[in-house]
Amino acid sequence: MNILLAINNGYILQTKILLKSIMKSNPNEKFSVYILNKELSNKEKETILESIKNSNIEINFIEINNSEIDNFPVYEKRYPVEIYFRLFASKYLPNNIDKVLYLDVDTVVINSLKELYNMDFENNLFIGATHIKKSLHKFHSIRFGVSEKNIYVNTGVLLMNIKQLRNIPIEQDVINFVKKNKSKLMLPDQDIVYALYGNRVKEVPALLYNLGDKELRLHNLYEKDNIDIDWVKVNTVVIHYYGRNKPWNKNYNGTLNVFYNELQIGRAHV
């Protein structure tokens, strides 16, 4: 399986924990992990490589140097320039790669990725989950002048159809869109995918493939079939600590940190 990450040096520990979770939950799979980065030092790269020594993971570092991306809007630590790197994956990944699973490094994998990775794209460019409720569809469609049927995908877990993406001018599309809509961008990378390609997204359940504490609370508040941690352990594949509520912060508020904390045992060796 091909896995894609995009990081800076502020997320080395989270990267190692994510990789550990992939190894632990997918012991019989082999992974080629591609890490898009701009300024990782050799020491930081060695630290990551050491964490997957004698494992089922091979890591490839790909340095991004693109002046156009450097001009894209960034918002403090929450939305650094690295959030855009995934959008250009079809340009930077090796030519023999037809698809890749992108994961934010504030995710952990707790079950097999096989079913998600082998899903049929059905001619779509992306497969992912949305955290947007129906009431917000009209707001986003008006904001960018697109169909309400477009899917506002959470790009933190995104299966990417690299073969198809190579057939469209995505780099120029994205650059032109950002120049025209810079002042409208709220969740920048997600806004871009939604506005340009939201009609070519195959949706999968967030409860299974992109579960966060907010999503869990809302489901249990409004749905009859309440789910608990035991259900999550068996059914969910990817936990995503999206937003500001991170399990490594003191003010974390939620229940899903149990999966992150389990992976931190013996963290000096992670």
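Residue 0 is where the sequence shown starts when you use numbering that gives the first Met the number 0, and the numbers rise one by one after that. Even glycine gets a Cβ: it sits at the ideal position worked out from N, Cα and C.
With a 10 Å radius around its C-beta and 16 neighbouring C-beta atoms as the bar for buried, classify residue i as buried or exposed.
i, result
"residue 185", "exposed"
"residue 126", "buried"
"residue 182", "exposed"
"residue 77", "exposed"
"residue 138", "exposed"
"residue 266", "In this prediction, residue 266 has a pLDDT of 49, which is less than 50 and means its spatial position is unreliable; nothing more can be read from the coordinates."
"residue 197", "buried"
"residue 219", "exposed"
"residue 122", "exposed"
"residue 171", "exposed"
"residue 25", "buried"
"residue 141", "exposed"
"residue 124", "buried"
"residue 81", "buried"
"residue 50", "buried"
"residue 268", "In this predicted model, residue 268 has a pLDDT of only 40, less than 50, meaning its place in the structure is not dependable enough to derive any value."
"residue 10", "buried"
"residue 254", "exposed"
"residue 224", "exposed"
"residue 48", "exposed"
Looking at residue i and the ligand ATP, is the gap between the Cβ and the nearest heavy atom below 7 Å?
i, result
"residue 20", "By its list of ligands, the structure shown contains no ligand whatsoever, and the ligand ATP lies outside what it can speak to."
Cα-Cα, which of the options is closest to residue i?
i, options, result
"residue 130", "207, 35 and 247", "207"
"residue 259", "199, 108, 154 and 216", "108"
"residue 212", "123, 105, 68 and 192", "105"
"residue 58", "188, 97, 18 and 251", "18"
"residue 12", "54, 201, 98 and 103", "103"
"residue 79", "27, 178 and 38", "38"
"residue 54", "177, 95 and 29", "29"
"residue 101", "23, 222, 250 and 14", "14"
"residue 203", "74, 187, 93 and 118", "118"
"residue 99", "249, 158 and 44", "158"
"residue 95", "153, 42 and 31", "31"
"residue 136", "190, 154 and 93", "190"
"residue 22", "45, 52, 46 and 43", "52"
Distance check for residue j and residue i, CA to CA, integer angstroms please.
i, j, result
"residue 156", "residue 8", "21 Å"
"residue 228", "residue 217", "15 Å"
"residue 20", "residue 236", "11 Å"
"residue 246", "residue 195", "32 Å"
"residue 0", "residue 180", "35 Å"
"residue 358", "residue 200", "Nothing in the structure corresponds to residue 358, since the chain is present only between 0 and 269."
"residue 252", "residue 234", "22 Å"
"residue 279", "residue 89", "Lying before the first or after the last residue shown, residue 279 is absent from the chain, which here runs from 0 to 269."
"residue 40", "residue 65", "18 Å"
"residue 205", "residue 128", "5 Å"
"residue 97", "residue 56", "19 Å"
"residue 222", "residue 145", "30 Å"
"residue 16", "residue 177", "33 Å"
"residue 68", "residue 173", "10 Å"
"residue 188", "residue 143", "14 Å"
"residue 134", "residue 153", "16 Å"
"residue 43", "residue 132", "39 Å"
"residue 256", "residue 93", "35 Å"
"residue 73", "residue 226", "36 Å"
"residue 250", "residue 46", "28 Å"
"residue 27", "residue 215", "29 Å"
Whole-angstrom Cβ separation of residue i and residue j, contact assumed at under 8 Å?
i, j, result
"residue 60", "residue 36", "6 Å"
"residue 231", "residue 262", "Contact doesn't hold; Cβ gap of about 15 Å is too wide."
"residue 160", "residue 120", "5 Å"
"residue 91", "residue 63", "7 Å"
Exercise for the section: Check whether the stretch 112 to 123 touches the stretch 238 to 245, taking contact to mean three or more Cβ pairs, one atom from each stretch, closer than 8 Å. Expected result: no
Problem - the stretch 164 to 172 in contact with the stretch 141 to 151 per 3-pair CB rule at 8 Å - result: no
Exercise for the section: Say whether the stretch 75 to 85 touches the stretch 0 to 12, bearing in mind that this needs 3 or more beta-carbon pairs closer than 8 Å, one atom from each stretch. Expected result: yes
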